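The block underneath contains the structure these notes are about, expressed in C-alpha cells.
Numbering (the working numbering), first residue to last: 893 to 1021.
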C-alpha cells in the first residue's frame, strides 16, 4: 500500500467496502448464509447495541441504514446481497459526521469493527484474490 493511499484513508470522511478495494481490510466479506438470514443477523446485531439506532430496513433491497448515536457520530448503510446459494456478500458505506472534511481513519475503523462482529456471528467464506 502506497503512502498516498494510506494518507487518503485518514484524509477522508467516508469508507466504502468493495470486492476490489486496495485496502484488504475494506474488501467485501462473504458469508455462508442466505440473504434473509444475513440481513436478520445484521439487524439483530445492530438492535442489540445501544450505540446504534436503525434508520430504515429494506428487505427487498437487502439494505439497512443506521447511525452511530454515541460518541463520534456516523451514518452507515449495510448492503446484503446473495451472489450464489449460501454465499452472501455484506458491504458497508460509512460516512462520519464532523465539522471537518476528514475523520482521521474513523470511518475505516468502524467498518473493521462491524466486520469483526459479523465474523463472530456468521461463517466467513475465505475469498482469495
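Ideal placement from N, C-alpha and C gives every residue a C-beta, glycine not left out.
As the structure is a prediction and not an experimental result, all values here were calculated from the model.
Check	Outcome
Presumed contact (8 angstroms Cβ cut-off) between residue 985 and residue 968, rounded CB distance	7 angstroms
When 959, 929, 953 are compared against residue 941, the one with the closest alpha-carbon	959
Cβ separation of residue 924 and residue 978, assumed to be a contact under 8 angstroms, to the nearest whole Å	5 angstroms
Proximity below 8 angstroms, CB of residue 933 to CB of residue 1014	yes
Among 1009, 957, 1000, 992, nearest to residue 916 - alpha-carbon criterion	1000
DSSP state of residue 999 mapped onto helix, strand, coil	helix
As assigned by DSSP and simplified to three states, the class of residue 932	helix
CA-to-CA distance, residue 921 to residue 1017, given in whole angstroms	8 angstroms
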